[in-house]
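The structure under discussion appears below in the form of structure tokens.
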Amino acid sequence: MAAELVFFQHDEVIVHCPVEEAVTVAEAIRQAADLAGRLTFGETPVRFPFTTAVVECYADAK
């Protein structure tokens with residue numbers, strides 16, 4: 005993968021990658037967020053919503 009982490013703060017992750025890798029990269033980030041929640045809080049019924057947006061311009065992600 006040619007993805008590069010550009011920005012990460014609080015609940016926001018911005019990654020630049022080739023368009024053909026976008027879906028795979030978004031899924032990898034979603035899986036990492038899920039794992040981070042389980043490692044931090046263990047098995048819990050509480051869910052931590054995490055959404056992704058694949059866009060060409062950051063302004064379109066809002």
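Numbering follows the numbering used here, in which position 62 of the sequence shown is assigned residue number 66; successive positions increment by one, without gaps. Each residue gets a CB set at the ideal place from its N, CA and C atoms; glycine is no exception.
Check                                                                                      : Outcome
Between the CA atoms of I18 and F12 - distance to the nearest angstrom                     : 6 Å
Beta-carbon proximity list for A6, same chain, < 8 Å, skipping 5 on both sides             : C21, P22 and E25
is_contact[C21, chain C] using C-beta, thresh 8 Å                                          : Reference to chain C is not applicable here, since this structure consists of a single protein chain.
When T48, Y62, V58 and F54 are compared against H14, the one with the closest alpha-carbon : F54
Cβ-Cβ distance between A30 and V58 below 8 Å                                               : yes
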